[in-house]
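Asker:
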């Protein structure tokens, strides 16, 4: 489903971010990407949704390869990916439901279908009662739930999460993580970069640890569930 | 398309101040260009009026019979450069001189002034070289004593006209370039103001075309509004000049006015296309 084959990514200014990384994420899998800052976690995520292309090697996501994908193909692929960030990236001047609806509107979903989908997904993340609130009226945890709702609304096969709990207090972190577990249990794969080792330790999901652009540990290789 | 329209109108509704600012900026840069255009137009009109007065006068030797003069006049009228020909007899010349130079009216005596053939040239044939060529042909008539057309004056007029033309072109290009740059910057500002929105659109899978469309429409709308506002400002300025400085000014013809507004629309559209395109390529 997501496959990295000998992927190297170099930046002109900061040098090598990833060095010949090979791994795959299977259907419905939950994978933690861990490692210190600058280890290459975010680079892997950005390569996964084709925000960037590898310097060498190949990234393949659901049949789309980094070597040949056109901008249009990337757009189409992203409609089947859910992407969330540490800083939520919500539109401040839109309500929670409008933020979620935005993802449907800009991908050409017919209007009558938008409202029921938005309401279903807001209920799923536990925010049905705050549909008309603006981001500034919501707590960090709630804002991240709106972002997750927006990521889920197009029924993605994988949720790509870059430090989704990085800005949240412990309680909100637990809540958001629980939500991600539920999403995963319903069949959506999750690839999540995190610094939160507590979170990693207390779950039995696959962990890929990076250091200086290389995979230094993969629990799937040491007896964990194989992709 | 409906969504594009809704998006563009939502952009207007969401940030009316920014939109008003960019429309005003566009309007004023087009207004500056419009004012310049108006000045250029009026200078041209004024020069044209002066040019209307370009006249070649062929003086006829005394004693030439009327038939020969009439035949020559018919001949001359058939020159491709000639608009009209008038035969002025000695008596008429005297009457005209008395009328035009009243203070010398008693100095003139019958028979002092020669008869002449007065020739007006068609527009486009009033430059010094052409006039001299016509004068040369007139001199070839045996009964033509002299040909006068105010050579020095005509050369000066054309020098002025050429300077005005070249300066006008250079200034016009400069003004147009400034307008394009300012409008481009304004639109880029609008794009940057929505950079966050654009990046989220890209993230959730909106295509470039989809992202671009509302901006193009917005740029087009701003261009049209800015153009109309500029036209209104130019028109208002002309009226003020007319009223308080007592100049009679010429305004743009309707087709020129439409062309001006259309230019605003095109600049708005092209500016948006460039600004969004550049922004998207960077994502």
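Residue numbers (our numbering), protein chains in the order written: chain P, 1 to 227; chain L, 1001 to 1283.
C-beta: ideal position from N, C-alpha, C; glycine also.
Since residue 82 of chain P sits in a beta bridge, which residues does DSSP pair it with?
Answerer: Per DSSP, P:159.
Asker: With burial defined as no fewer than 16 other Cβ atoms inside 10 Å of the residue's Cβ, what is the status of residue 1139 of chain L: buried or exposed?
Answerer: Label assigned to residue 1139 of chain L: exposed.
Asker: In the DSSP assignment, find the alpha helix (DSSP H) that holds residue 1058 of chain L and state where it starts and stops.
Answerer: Looking at the DSSP string, residue 1058 of chain L is not in any alpha helix (DSSP H); the run it does join, the beta strand (DSSP E), is 1055–1060.
Asker: Restricting to runs no shorter than 4 residues, where is the alpha helix (DSSP H) found entirely within the segment 1083–1126 of chain L?
Answerer: If we require 4 residues or more, the alpha helix (DSSP H) runs fully inside the segment 1083–1126 of chain L come out as 1090–1100.
Asker: Please report the distance separating the alpha-carbon of residue 13 of chain P from that of residue 3 of chain P.
Answerer: The straight-line gap from Cα to Cα measures roughly 27 Å.
Asker: Flag residue 157 of chain P as yes if its beta-carbon sits less than 9 Å from any beta-carbon of chain L, otherwise no.
Answerer: No, its Cβ sits nowhere closer than 9 Å to a Cβ of chain L.
Asker: Closest to residue 1072 of chain L by CA distance: which of L:1141, L:1061, L:1112 is it?
Answerer: The shortest Cα separation from residue 1072 of chain L among L:1141, L:1061, L:1112 belongs to L:1141.
Asker: Count the other CB atoms within 10 Å of the CB of residue 1062 of chain L; is the residue buried (16 or more) or exposed (fewer)?
Answerer: Looking at its Cβ environment, which holds fewer than 16 other Cβ atoms inside 10 Å, residue 1062 of chain L is exposed.
Asker: If we define contact as Cβ-Cβ less than 9 Å, is residue 1038 of chain L a contact residue for chain P?
Answerer: By this cut-off, residue 1038 of chain L is not an interface position.
Asker: Please give me, in chain order, every unbroken run of the beta strand (DSSP E) with length at least 3 that falls completely inside the segment 25–104 of chain P.
Answerer: If we require 3 residues or more, the beta strand (DSSP E) runs fully inside the segment 25–104 of chain P come out as 30–34, 56–61, 81–85.
Asker: Tell me the rounded alpha-carbon separation between residue 1164 of chain L and residue 1171 of chain L.
Answerer: Approximately 10 Å, taken between the alpha carbons.
Asker: What residue from L:1079, L:1229, L:1268 has the CA that sits closest to residue 1191 of chain L's CA?
Answerer: When each option's Cα is compared against that of residue 1191 of chain L, the closest is L:1268.
Asker: Start and end of the alpha helix (DSSP H) containing residue 177 of chain P?
Answerer: Residues 170–185.
Asker: Can you give the beta carbon distance from residue 145 of chain P to residue 159 of chain P, rounded, assuming they're within the 8 Å contact cut?
Answerer: That belief does not hold up - the Cβ atoms of residue 145 of chain P and residue 159 of chain P are roughly 13 Å apart, past 8 Å.
Asker: Name, please, each residue of chain P whose Cβ falls closer than 8 Å to the Cβ of residue 1218 of chain L.
Answerer: Neighbours of residue 1218 of chain L on chain P: none; closest Cβ ~16 Å, over 8 Å.
Asker: Flag this pair as yes or no: are the beta carbons of residue 34 of chain P and residue 208 of chain P separated by less than 9 Å?
Answerer: In contact: residue 34 of chain P and residue 208 of chain P (Cβ atoms closer than 9 Å).
Asker: Taking only three categories from DSSP, how would you classify residue 1162 of chain L?
Answerer: Helix.
Asker: Using a Cβ-Cβ cutoff of 7 Å, what residues of the segment 1140–1170 of chain L are near chain P? List them in chain order.
Answerer: Result list empty, no residue passes.
Asker: Shorter than 9 Å from the beta carbon of residue 1017 of chain L to some beta carbon of chain P?
Answerer: Chain P contact via Cβ: absent.
Asker: When the Cβ atoms of the segment 89–102 of chain P are set against those of the segment 121–135 of chain P, are three or more pairs found closer than 8 Å?
Answerer: Taking 8 Å as the limit for Cβ pairs, the verdict is that the segment 121–135 of chain P does touch the segment 89–102 of chain P.
Asker: Which residues, in chain order, does the segment 1185–1204 of chain L contribute to contact with chain C at a C-beta distance below 9 Å?
Answerer: Note that chain C does not occur in the displayed structure, where the protein chains are P and L.
Asker: Restricting to Cα atoms, I'd like to know which of P:191, P:201, P:18, P:135 is closest to residue 91 of chain P.
Answerer: The shortest Cα separation from residue 91 of chain P among P:191, P:201, P:18, P:135 belongs to P:135.
Asker: Could you run through the segment 69–101 of chain P and flag, in chain order, every residue whose CB is less than 7 Å away from some CB of chain L?
Answerer: Listed in sequence order: 71, 72, 75, 76, 78, 79, 83, 89, 91, 93.
Asker: Tell me the DSSP secondary structure of residue 1130 of chain L in three-state form.
Answerer: Of the three classes helix, strand and coil, the one that applies to residue 1130 of chain L here is helix, per DSSP.
Asker: Where does residue 12 of chain P sit, in a helix, a strand or coil, going by DSSP?
Answerer: It is coil, neither helix nor strand.
Asker: How many whole angstroms separate the CB atoms of residue 155 of chain P and residue 85 of chain P, which I take to be in contact at a CB cut-off of 8 Å?
Answerer: Actually they do not touch by this definition, with Cβ atoms about 20 Å apart.
Asker: For residue 22 of chain P, name the three-state secondary structure that DSSP assigns.
Answerer: In the structure shown, residue 22 of chain P sits in a strand (DSSP, three-state: E or B).
Asker: Given that residue 1210 of chain L touches chain P, what residues does it touch there, using C-beta distances under 9 Å?
Answerer: Near residue 1210 of chain L (Cβ distances below 9 Å), the residues of chain P are 75, 106, 107, 108.
Asker: Taking residue 1207 of chain L as the query, report the chain P residues whose CB atoms sit under 7 Å from its CB, ordered along the chain.
Answerer: Chain P residues near residue 1207 of chain L: 72, 75.
Asker: By the 10 Å Cβ neighbour count, where 16 or more other Cβ atoms means buried, how is residue 1202 of chain L classified, buried or exposed?
Answerer: Result: buried.
Asker: At which residues does the alpha helix (DSSP H) containing residue 1201 of chain L begin and terminate?
Answerer: Run containing residue 1201 of chain L: 1195–1203, per the alpha helix (DSSP H) assignment.
Asker: Spell out whether any CB of chain L is found under 9 Å from the CB atom of residue 134 of chain P.
Answerer: Judged by the 9 Å Cβ criterion, residue 134 of chain P is not in contact with chain L.
Asker: Chain L partners of residue 103 of chain P, CB-CB under 7 Å?
Answerer: Simply 1204.
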